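Shown next, in structure tokens, is the structure this report addresses.
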Amino acid sequence: METPLTWNLPKSPPAPTLALTHGAGASTSHPNTAALAKLIAEQGVRVARFDFPYMRRAMETGRRPWPPDAEDVLAGTWIQVMQQLAEQGVPTSTLFIGGRSMGGRIASYIADAAEPAGMVCISYPFHAPNDPSRATTFHLEQMATPTLIVQGERDEYGTREEVEAYDLSPNIRLQWIPDGNHGLIPRKRSGHTEESNRELAANAIANFIKRLL
15 METPLTWNLP
25 KSPPAPTLAL
35 THGAGASTSH
45 PNTAALAKLI
55 AEQGVRVARF
65 DFPYMRRAME
75 TGRRPWPPDA
85 EDVLAGTWIQ
95 VMQQLAEQGV
105 PTSTLFIGGR
115 SMGGRIASYI
125 ADAAEPAGMV
135 CISYPFHAPN
145 DPSRATTFHL
155 EQMATPTLIV
165 QGERDEYGTR
175 EEVEAYDLSP
185 NIRLQWIPDG
195 NHGLIPRKRS
205 GHTEESNREL
215 AANAIANFIK
225 RLL
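Following this line, the structure appears as structure tokens:
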């Protein structure tokens with residue numbers, strides 16, 4: 015059974031493709047993710063958004079989307095989506111995978127074996143919220159896939175100070191979003207806005223993808 019895809023398309027095809035999924039608590043139709051996908055597409059990258067099975071069930075039934083599927087189901091969904099896109103004519107040489115928070119974490123587990131052109135993780139959950147003692151970064155230290163992590167400077171799942179102390183793979187690039195929290199949203203007193211942070215994230219993602227092709 016195919017996974018439904020929601021496309022954001024650039025004005026001038028052909029274009030590289032970014033398969034993008036969500037974090038644990040909100041679908042890819044959430045206004046923040048939908049707006050980000052639109053901005054990325056405006057920069058010349060096709061975005062294929064998809065939801066994991068538990069999120070689709072929650073939307074169909076109107077129930078709270080919790081708990082997420084088991085990790086093997088989440089990883090299997092990623093593989094299935096990549097195969098589905100390949101069958102639709104998207105070569106892995108122009109396919110990038112990624113997602114917000116949990117979705118990006120699961121993508122990072124399969125990336126080196128699946129061999130996409132690259133990976134984009136938004137608000138990566140390096141550790142439990144506000145608990146850096148539980149950081150899990152071993153596989154990121156070994157990452158071979160070209161990767162961009164877009165992270166808010168004060169993300170409660172990994173602040174700038176914490177993340178810059180990790181021994182991450184040289185294949186991982188970090189784009190810091192000023193004063194951003196886990197949703198990349200800054201405080202009003204910072205002088206930054208949610209919209210400007212979203213534009214910075216979208217531009218960084220599109221530029222990262224285009225530089226690799």
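In my numbering, the protein residues as written are 15 to 227.
The beta-carbon is built from N, C-alpha and C at its ideal position, and this holds for glycine as well.
No experiment lies behind these values; they were computed from the predicted model shown.
Which residue's Cα is closest to the Cα of residue i: the options?
{"i": "Ala216", "options": "Thr20, Glu170, Lys52, Arg70", "result": "Lys52"}
{"i": "Ile191", "options": "Ser183, Thr207, Pro184", "result": "Thr207"}
{"i": "Glu176", "options": "Thr161, Gly197, Asp145, Pro160", "result": "Asp145"}
{"i": "Tyr180", "options": "Gln165, Leu154, Gly205, Thr161", "result": "Leu154"}
{"i": "Gly90", "options": "His196, Met15, Ala131, Thr42", "result": "Met15"}
{"i": "Ala48", "options": "Glu209, Lys224, Ile223", "result": "Glu209"}
{"i": "Ala33", "options": "Val61, Lys25, Thr151", "result": "Val61"}
{"i": "Met96", "options": "Ile124, Pro82, Gly194", "result": "Ile124"}
{"i": "Pro184", "options": "Tyr171, Ala158, Pro67, Phe64", "result": "Ala158"}
{"i": "Ser107", "options": "Asp193, Pro30, Lys202", "result": "Pro30"}
{"i": "Ile186", "options": "Arg203, Ile163, Gly194, Asp169", "result": "Ile163"}
{"i": "Phe64", "options": "His44, Glu56, Lys202", "result": "His44"}
{"i": "Asp169", "options": "Ala149, Pro139, Pro160, Leu188", "result": "Pro139"}
Helix, strand or coil: how does DSSP classify residue i here?
{"i": "Ile199", "result": "coil"}
{"i": "Met157", "result": "coil"}
{"i": "Phe140", "result": "coil"}
{"i": "Ala62", "result": "strand"}
{"i": "Asp126", "result": "helix"}
{"i": "Arg78", "result": "coil"}
{"i": "Ala84", "result": "coil"}
{"i": "Val104", "result": "coil"}
{"i": "Leu109", "result": "strand"}
{"i": "Leu226", "result": "coil"}
{"i": "Thr35", "result": "strand"}
{"i": "Gly132", "result": "strand"}
{"i": "Asn185", "result": "coil"}
{"i": "Leu214", "result": "helix"}
{"i": "Gly166", "result": "strand"}
Does residue i pass the burial test, meaning 16 or more other C-beta atoms within 10 Å, or should it be called exposed?
{"i": "Trp80", "result": "exposed"}
{"i": "Met116", "result": "buried"}
{"i": "Trp21", "result": "exposed"}
{"i": "Met133", "result": "buried"}
{"i": "Ile93", "result": "exposed"}
{"i": "Pro200", "result": "buried"}
{"i": "Pro105", "result": "exposed"}
{"i": "Leu99", "result": "buried"}
{"i": "Gln102", "result": "exposed"}
{"i": "Leu227", "result": "exposed"}
{"i": "Ser147", "result": "exposed"}
{"i": "Arg119", "result": "buried"}
{"i": "Ala142", "result": "exposed"}
{"i": "Arg225", "result": "exposed"}
From what residue to what residue does the alpha helix (DSSP H) around residue i run?
{"i": "Arg174", "result": "174–177"}
{"i": "Thr47", "result": "45–56"}
For the ligand FMN, is there a heavy atom less than 7 Å away from the beta-carbon of residue i?
{"i": "Val177", "result": "Only the bare structure without any ligand can be found here, which leaves the ligand FMN out of the picture."}
At what residues does the beta strand (DSSP E) containing residue i begin and finish?
{"i": "Thr17", "result": "Premise fails: Thr17 is in no beta strand (DSSP E) and is neither H nor E."}
Shorter than 8 Å from the beta carbon of residue i to some beta carbon of chain C?
{"i": "Ile191", "result": "Within the model displayed, chain C is absent; a lone protein chain is all it includes."}
* Flag this pair as touching only if the segment 67–86 and the segment 147–166 have three or more C-beta atom pairs under 8 Å; answer yes or no. => no
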